[in-house]
Structures are given as structure tokens and as C-alpha cells.
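Step one of this worksheet: look at the structure below.
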Amino acid sequence: MKRREFTLLAAPSVVLMTVLMIAPLVTTVVLSLNQFSYGTSLKWVGLKNYAQLLASPELHSSLLFTVLFVIGTTTLKLFLGFALALLLNFAVRARSVFLGALLVPLVVPPVVGALIYGWMFREDIGVGFYQYLLTLMGINIEWFSSTPGAIALLVGQNVWQDISFAALIFLAGLQVVPAEPLEAALVDGANWLQRQRYIIMPSLSGLFAFVSMMSVMDSFRIFDSIAVTTGGGPNGTTESLMFLAYKVSFQQSQLGLGSAMSMLTVIGIVLLLVPFLVLTKRQFRNAR
Amino acid sequence: MTATAQHPVDQNLKRTVRTTAVRPMRTRRSRSATTALQKTIAYLLLSLAGLLSIGPFVWVGLASLKRPVDAFSLPPVWDFTPTLQAYQILWNDRGFGHFLLNTLLVGVLTTVISLLVAAPAAYALSRFRHVSGLWILLAALVFRALPRMAVVLPFYYLARLTGLYDTQVLLIAVLVAVNQPFTIWLLRDFFAGIPEELEESAMVDGCSRIQAFRRIILPVAGPGLVTAAVFTFLLAYQEYMIPLVLTQTSAVTLPVFIAQFSTENIQDWPVISAAAVSLALPIVGLVMLAQRFLVAGLTAGSTKG
Chain R
1 MKRREFTLLA APSVVLMTVL MIAPLVTTVV LSLNQFSYGT SLKWVGLKNY
51 AQLLASPELH SSLLFTVLFV IGTTTLKLFL GFALALLLNF AVRARSVFLG
101 ALLVPLVVPP VVGALIYGWM FREDIGVGFY QYLLTLMGIN IEWFSSTPGA
151 IALLVGQNVW QDISFAALIF LAGLQVVPAE PLEAALVDGA NWLQRQRYII
201 MPSLSGLFAF VSMMSVMDSF RIFDSIAVTT GGGPNGTTES LMFLAYKVSF
251 QQSQLGLGSA MSMLTVIGIV LLLVPFLVLT KRQFRNAR
Chain C
1 MTATAQHPVD QNLKRTVRTT AVRPMRTRRS RSATTALQKT IAYLLLSLAG
51 LLSIGPFVWV GLASLKRPVD AFSLPPVWDF TPTLQAYQIL WNDRGFGHFL
101 LNTLLVGVLT TVISLLVAAP AAYALSRFRH VSGLWILLAA LVFRALPRMA
151 VVLPFYYLAR LTGLYDTQVL LIAVLVAVNQ PFTIWLLRDF FAGIPEELEE
201 SAMVDGCSRI QAFRRIILPV AGPGLVTAAV FTFLLAYQEY MIPLVLTQTS
251 AVTLPVFIAQ FSTENIQDWP VISAAAVSLA LPIVGLVMLA QRFLVAGLTA
301 GSTKG
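So the protein lines, in turn, are chains R and C. Numbered per full-length UniProt numbering, the first sequence spans residues 1 to 288. Numbered per full-length UniProt numbering, the second sequence spans residues 1 to 305.
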């Protein structure tokens, strides 16, 4: 393709992303160096917002929660998603029925999924069906008033709603695992676990990387589900980075501080992305 | 887990083994005996997963058909007389239809504009091998991962100054921008799967590049475009933070409406449940119709690389 043709075809999209994404991003950087709220004019404060944030215990606790949340959701999605994919790969006949059921939470908006999931565990107003079942079994967990309970609730909600994404990716991979090494392993007497460990999983390693990357990226900027279930509580122990940024910007009207908070999250995400970017670059070079 | 999940791979093996005529060293009978048991366990586990997956929706669906006195009762009332009262309140008194229409309008326009802008760019990126193409793709990957807040905050500030706050135009513009990187990546994968000889032969016959793209490539890329459309619509329909920050009353979309409504009026739980069901049904219907495209989109690019 000639450069002129490329420019012509790609220009609208590039211009759109420049005007509506790069420009706002640069604006956020500028705003983060100011102190202001809606309706007031900007007051230049330099790096003061960043200094204030880095010293604040709120940021530390929200970073801790976010990291715990990322690790919890990603680990569970990898394990359970792979297990589900194995089951689906085996269930040839009724696969689309099971897939259909598993896809429902994935396509419902996260806020609505989180609301519904949260209701299932409420103990106060007689709507918590799961909580009722747990009580019948003699299990009583405080999902909203204890920190471990609230974290477990949020992790469970995220895994429940997104698990089918991981399962689908692994399923697609399982269907193209080469047959020859498996046959050889079977003839050599490898048991099920050995075949998984030494043949299936290595051949899916790219997919494990892909699923973890997607999960890490999405969990790192989690906001929706927290906003409508725990609201960051109890005592702010489930405030994610984005939730804190939202709270600071729109509930406390400190837009400058909120911008700085957003920029710190951006830096975190870009650092997490580096391995993926390197991989993409290598693939591009090889394809060329 | 070990014993129960044993099956899938065995099944795979059985298939491949049959075709290559290398049989495992096991007797036929013991194999089929374990097969039946394992099969049952696997299907039981899958049914359990399916049940857990849709259980909360069933519970909420039932609640939307109950009178408040039945809805708030545990142990649950199973033999209630279904009533559509909650739906009547939702649609007649709460103006649900208005929010639904607005959400659909925003979703459809976002999808159309996104595809119009992204398709040519994605095609160009799939054919152009210069390094600047790589940089655009890498930038798009970073944008895809960015937190919404970093982009939305300046829009909020500027929109309140210019009067664009709480308008559909602003909402659609931001949604298109935010979805653009994802759409480009998805479509580029589809275009890359179409052999270049196709448009090259058309161009030898005198077509320009643009004509070849419009007349030869786009029609072949139909399934890819549908997949991208389904995903863009889903992203717009699901988005919470962008409308939460950029709208207030007139351009509010369903996720924001439901989140607000439910925190303010939990005593109207059957009505909120009716809202959740009314919001979920169209999208679940769409997905059941387009399951093939959704699966294609979710797995695109992941198995090739």
C-alpha cells in the first residue's frame, strides 16, 4: 500500500483519536498541575498535587486494595476459566446451550451485574437469596461490614461476570492444540495431569499471557462494581484507584487532585502494558 | 477436579487416535465404563456453572413479578401470583422508555460512526507495512487500556464551560473515541485474514485502492463488521463512568439511571428488578442471536499470535 493511500484511509481515525483522546490526556496532565474545582479558575501549584497524593494514606490503602483485587480476580479467572474451557471442550453436544448461559453475565452492563450480585448477598432487607442459603448452611459472612468479606464479594462479582471471556479464549485454544505430541505422550503412558502440565498448558502459554493481561488491565481500573455495591466501604478499605479518583474529583470537587490521581493510574497501567507492547512489536517485525 | 475434568482431553485424544490408528494401551470395556461416569460428572459440573451464572438473574426476574410483600420475604415465596405491577410503574411513572430510547440511540449512533471511521483505518493498517503503522497500533493499545477518568475529566471541565454538558452529541463523541482503539484492532485482524491478491487483481483491472476497498474488501469482511458492530454497541450500552460524569438529566443512559434509582429507592426493589430485567432482555436477546459473532470477536487475535 502506498503512503498516500494509507494517509487517506487512516486520517479520520487518527485525527479523531488525536482530538478526542490525546488532547484530553495532555489536558489532564496540565490540570493535574493546578488546583481548581468546577466553576473556579485554575491555580498553578506545580507538583504539589502529586506530593500530596504520594504522602496520603488513602492512596496507599487504595493501591493495596487494587493490587489485591487484581491478583485475586486474575488468578481465579485463569484457573476457573481453564477448567470451564476443559469442560466445554468435552461437552460437544450441548456446548452452545452452556455457552449461552455463561455469556449472559458477560453482556449485561457491569453496574447492573454488580447490583444484582450485591442484592444476592444482602442481609438487611430480605432480598439476599444466596445469603439466606448460606445462613441455612450455618455460614454467616458479613459481606458489607467486614473488609475481607467486602473484598471477597467484589472479587466474586468480577469473576462471576467475566469468567466466560477467559473460558472462551481457552476453549478456542484447546480446539487447535496439535494432536501429535498428545498421542506421543499417551503412548508413553503420561497421565492426565502430566499431559495438561507438559503439553496442553505450554501450547496455550500465549493465551494464558493474553487472558492475564486483559484481566490485569481491566481489574486495575475497576470502578463500576465498587460504586454500586460496597461504595468503597467499610471505612474506605475497598476504594480502588479509580474509585478514589472519582471521589476526589466529583464528591470532594478537587479536580486538580483527581487529575493527578488519574495520571498516576495511567502511569501504572502503561508500566503493566510494557511486556505486551514489546510482544506486539516483535510480532509486527516478524510479520513484515 | 483432577478426576472429573479428565474427560475433555481424553475425548480429544480419542478423536485423533482414531484417525491415526494408534490405540492407547487400555481395554475397551474399562474405558467406556469410566467414560459414562466422567461424562455425567462433567455435565453436572457444567450445569452447576450455568446455574451459578444465571441464578442471580432468575432470582431478580422472579422478584420483578412479585408484589413487594412477597419480594422482600425470606424464605422465598415460590407460589406467588405473578403481577406486572412493577413493570407498569417502571414504564408509566418512571419514564423507563425514555431512558431506553436514549440508550439505544446513543448505542446505534456510536456504532455507526465508530465503524465508518475505524473500518478504512483498520484496513489501511492491515496492508501498510511501514513502521508508522506499528506506532499507531501501539498507541491504540495503550489507549485501549487507559482509565476512562484520564480522558473524561477534561471533557467534564470543558463541557461545563461550553454548554455541551449533558448532551447526546458529547456522549457519542467520547464513546466513539474511547471505542476506536478496540474497533481498529478487532477489524484489522479480520482484514489481515483476507488475502491481498483479492484487491490486487481488482486494481490491475483498473480499480483505485478506495474502490477496491469499497467494492471488493468490505463485502467479504461482512462477518468481521458485524462482530465489530456487536461489540461497539455492547461497549456503549454497558458504559457507566462516561455517562455518569458527562450527563445529568437529558442524556442519561440506562446504567446510570438504574444505579441512581436503586441507591435512592431500595424499598421499590421489585421496580428496580423490573428495570434490570428490561435492560438485560434486549441485550441478552441480541447476544443469543449473534452468539457466533460474539464468540468470533472474543477469540479474534488471541489464537493466531
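The beta-carbon is built from N, C-alpha and C at its ideal position, and this holds for glycine as well.
Chain R within 8 Å of residue i, Cβ atoms only
i: C/W78; result: no
i: C/S250; result: no
i: C/I258; result: yes
i: residue 306 of chain C; result: Outside the shown range of chain C, which is 1 to 305, sits residue 306 of chain C, and nothing can be said about it.
i: C/G107; result: no
i: C/F57; result: yes
i: C/Q238; result: yes
i: C/Q180; result: yes
i: C/S53; result: yes
i: C/H130; result: yes
i: C/F293; result: no
i: C/T299; result: yes
i: C/F191; result: no
i: C/V271; result: no
i: C/S278; result: no
i: C/F233; result: no
Neighbour flag for residue i against chain C, beta carbons, 8 Å
i: R/R282; result: no
i: R/E142; result: no
i: R/P105; result: yes
i: R/R221; result: yes
i: R/Y198; result: no
i: R/D224; result: yes
i: R/I116; result: yes
i: R/E58; result: no
i: R/L9; result: yes
i: R/V155; result: no
i: R/A51; result: no
i: R/M1; result: yes
DSSP three-state assignment for residue i, whether helix, strand or coil
i: R/A10; result: helix
i: C/A21; result: Per-residue confidence for C/A21 stands at a pLDDT of 42, beneath the threshold of 50, marking its modelled position as unreliable; the derived number appears in the next sentence. Reduced to three states, the DSSP call for C/A21 is coil.
i: R/N34; result: strand
i: R/K247; result: helix
i: R/K281; result: helix
i: R/W44; result: strand
i: C/R29; result: Bear in mind that a pLDDT of 47 at C/R29, under 50, signals an unreliable position, so the number given afterwards is only what the model happens to contain. It is helical.
i: C/P195; result: coil
i: R/M1; result: coil
i: R/Q254; result: coil
i: C/E200; result: helix
i: C/W78; result: coil
i: R/G232; result: coil
i: R/S240; result: coil
i: R/R197; result: helix
i: R/G113; result: helix
Beta-carbon gap between residue i and residue j smaller than 8 Å
i: C/D166; j: C/T247; result: yes
i: R/K281; j: C/L138; result: yes
i: R/F129; j: C/G50; result: no
i: R/L16; j: C/A177; result: yes
i: R/A114; j: R/S225; result: yes
i: C/T299; j: R/L168; result: yes
i: R/V266; j: R/L78; result: no
i: C/Y157; j: R/L264; result: no
i: R/I125; j: C/F72; result: yes
i: C/G297; j: C/T227; result: yes
i: R/F69; j: R/E239; result: no
Run of the alpha helix (DSSP H) containing residue i, from where it starts to where it stops
i: R/D218; result: S205 to F220
i: C/N179; result: Q168 to A192
i: C/I283; result: W269 to L289
i: C/I113; result: F96 to R127
i: C/W91; result: Looking at the DSSP string, C/W91 is not in any alpha helix (DSSP H), and its letter there is neither H nor E.
i: R/A166; result: T147 to L174
i: C/Q248; result: Per DSSP, C/Q248 belongs to no alpha helix (DSSP H) and is neither H nor E.
i: C/Y156; result: R148 to T162
i: C/V230; result: G222 to Q238
i: C/G133; result: V131 to A145
i: C/F72; result: Element bounds for C/F72: n/a, residue is neither H nor E.
i: C/I210; result: R209 to A212
i: R/V19; result: Neither: R/V19 is in no alpha helix (DSSP H) and is coded neither H nor E.
i: R/P181; result: A179 to V187
Closer than 8 Å to chain B by CB, residue i
i: R/G126; result: Of the protein chains in this structure, namely R and C, none is chain B.
(request) Would you mind listing the beta strand (DSSP E) stretches within the segment 54–109 of chain R that are 3+ residues and don't spill past its ends, in chain order? (result) none
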